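Written out below as structure tokens is the structure these notes cover.
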Amino acid sequence: MSRSIKTLSDLGREFQLDLFREIIIDPKFGETVIDILDASQFQLDVFKKLISTLKVYHKKNDGVILNFPGLRVQVDMDATDPVLKQQLLDTINEIETSKVQNANVQTYVTKFCKLQNLKHALKEIEKKVESGVVDDYDNIEKVLKDALIFKETEDSITLYHEMENVLSDEYRHPIPTGISGIDELVGGGLAKGELALVIAPLGVGKTTYLTKVANTAYQAGFNVLQIFFEDKEKAIQRKHYAIMSEIPLSEIAKEENKPTVLSKIQRKKKRIEEQGNQIFLQKLPADGVTITKIKNIIKKLNSRGNKIDLLVLDYVDCISMEKEVAGTEEWSNEGKIMRALEAMVEEMDVACWTATQGNRSSTSVEVVKTENMGGSLKKAQIAHFIMSIGKTLEQKEAKVATISILKNRLGADGMVFPNCKFDNGLLLIDTNDRITENGFEAESESKRVNKAKQIYQQQLNEKLKSDTEQTQI
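Going letter by letter, the sequence shown gives residues 35 to 507 in my numbering.
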């Protein structure tokens, strides 16, 4: 239907009968359009009365759409004119028993309602624009955004809804981290709509971990957006090059290593280009960036044909509220920001890894716990998966770390990976061993420290042996 439609009456009586039928037999559709439709959209008195009855009942009864028996009872109670009452009851019978004449009625009426919604929003926006109040801009943006979204309601499901799909191994499509111990605990990696948080003190390796995750997903064929606030673009590029070339960060820029680095990267680049996916690196200012800003970046990339699968956000502490409230403590907004991030992850259909700083008590501690997290604990209430990275002085020297699983909605938690290989130079992380948290606590501190020292001494011995062999040559 390409002709101009001012009201639903312009579509004819049969179409309107089909519309009422769809509203009543499909409550999900009914809840989507009922607030937009009103009596002015209909010409016949009987239709005006029916839509008014449905709307009033819907508003008074927490969004319930009347079924046919309920609608008859309501009409019998409300209508005082016996002639109109009989007309209404006859029309309800006709709606219930009539054959569908317009198969696309839901699609068409949904578009019609979206257009009405947008028209009302534009009238409101026009008034605000004409007033010239600059502070109204944020509200204008929200009004337009809400009108375009036109939120559709979701039905509850029964316990046995899509049983075969629920029991299938393919019900979620995980994006691997490339770290075997983590992937095993989260069923192969993080899936779209899931949010993971890494807690670590300053300088331990948050960016190392997040870059490792981003690069693994990229090489596995996923579109990745890595956002960072404190590092420069070239620093992040070099981290990726170190991973792809397997040459340490401190060595990749040396003239004698450049041919090898470029050769390895070009080979992997060619293979990945055949997959057709991309990794996007985006540096943003460390102040004033909101969730809406990040969402718009994702939308822009999606619109160019690069549907983002994984967002790597380094890190969440740099995100600002959409609108700051005067006198509000910064930490009190962190839970709201995390909640907004979770909502965005769901809306944009991406998986998300992000990180947060540990507080002073997390420095040089082997096991970083939730209470060692900086700011509001509400950040930890929202994420699907939370892990921490801790390093003692001995572990830093030995290039190892202890990774602790603090929360895991996707599998087992309370696991600890002690003395994992954690090389910030090679961006190499290996979880070759794990024990339960209780088992970890049972180990003596001296034993754990000695193990880190042994690893460090072993590395020194290997280096001395290598140097001696080179000298003999």
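Each residue gets a CB set at the ideal place from its N, CA and C atoms; glycine is no exception.
All figures in this text were calculated on a predicted structure; none of them were measured in a lab.
Host alpha helix (DSSP H) of residue i (start-end)
i: V80; result: D79 to K94
i: V247; result: K240 to Q253
i: P61; result: P61 to V67
i: A432; result: L427 to A432
i: Y142; result: V139 to S165
i: G339; result: Looking at the DSSP string, G339 is not in any alpha helix (DSSP H), and its letter there is neither H nor E.
i: S279; result: E267 to S279
i: L118; result: P116 to T131
i: I70; result: Unbroken run through I70: none, as it is neither H nor E.
i: Q300; result: K292 to Q309
i: P103; result: F102 to D112
i: V379; result: E368 to M382
i: E218; result: S214 to L219
Any chain D beta carbon closer than 7 Å to residue i
i: D457; result: In the structure shown, chain D cannot be found, because there is only a single protein chain.
Rounded separation between residue i and residue j - CA only
i: M449; j: K413; result: 20 Å
i: K266; j: R272; result: 10 Å
i: S478; j: L193; result: Note on S478: pLDDT 49, under 50, position unreliable in the model; the coordinate value appears next. Looking at the two C-alpha atoms, the distance is approximately 47 Å.
i: I371; j: D447; result: 25 Å
i: K93; j: S74; result: 18 Å
i: E130; j: R55; result: 7 Å
i: V167; j: Q140; result: 39 Å
i: N495; j: L460; result: 20 Å
i: A417; j: S86; result: 43 Å
i: L42; j: V90; result: 20 Å
i: A452; j: K425; result: Here residue 452 turns out to be Pro, not Ala, going by the sequence shown. The alpha-carbon atoms of P452 and K425 are separated by roughly 10 Å.
i: N367; j: F49; result: 50 Å
i: G215; j: L498; result: 31 Å
i: P103; j: K176; result: 40 Å
i: S108; j: T125; result: One point to set straight first is that residue 108 is Gln, not Ser, in the sequence displayed. Straight-line Cα distance between these residues: approximately 14 Å.
i: L201; j: I313; result: 33 Å
i: A432; j: V346; result: 28 Å
i: A320; j: I59; result: 52 Å
i: L318; j: N136; result: 51 Å
i: K292; j: L182; result: 51 Å
i: I174; j: N138; result: 33 Å
i: E376; j: D172; result: 22 Å
i: S165; j: G223; result: 51 Å
i: V402; j: I233; result: 8 Å
i: K441; j: D217; result: 14 Å
i: T404; j: K157; result: 49 Å
i: T465; j: Q429; result: 14 Å
i: V359; j: D169; result: Because the pLDDT of V359 is 48, which lies under 50, any placement of that residue in the model is unreliable, and the number read from its coordinates should be weighed accordingly. Approximately 14 Å between the Cα atoms of the pair.
i: L427; j: V399; result: 9 Å
i: M278; j: F263; result: 23 Å
i: K288; j: K455; result: 25 Å
i: H274; j: K246; result: 8 Å
i: I270; j: L462; result: 15 Å
i: V384; j: G46; result: 43 Å
i: D44; j: D69; result: 20 Å
i: Y252; j: G339; result: 16 Å
Integer Cβ distance of residue i from residue j, believed to fall under 8 Å
i: S422; j: S438; result: 5 Å
i: P208; j: G221; result: 6 Å
i: L244; j: D348; result: 5 Å
i: N393; j: G408; result: 4 Å
i: I353; j: V323; result: 6 Å
i: L88; j: I99; result: 7 Å
i: A435; j: G239; result: 7 Å
i: D351; j: Q316; result: Incorrect: roughly 17 Å between the Cβ atoms, too far for contact.
i: V134; j: D52; result: 6 Å
i: V80; j: L123; result: 10 Å between Cβ atoms; not a contact.
i: M378; j: I325; result: 5 Å
i: T250; j: P210; result: 6 Å
i: A155; j: L178; result: 6 Å
Where the beta strand (DSSP E) containing residue i begins and where it ends
i: T390; result: A385 to Q391
i: F456; result: M449 to D457
i: I463; result: L462 to D464
Opposing strand residues paired with residue i [DSSP bridges]
i: N442; result: F419
i: A230; result: W387 and F419
i: I261; result: Q316 and L347
i: V323; result: I353
i: M27; result: Residue 27 lies beyond the residue range present for the chain, which begins at 35 and ends at 507; the question has no answer from this structure.
i: M424; result: Per the sequence shown, the amino acid found at residue 424 is Gly instead of Met. According to DSSP, G424 bridges with T436.
i: N328; result: The identity of residue 328 in the sequence shown is Ile, whereas the question assumes Asn. None; I328 has no bridge partner.
i: L224; result: I209
Three or more beta-carbon pairs under 8 Å between the stretch 284-300 and the stretch 329-336, yes or no? no
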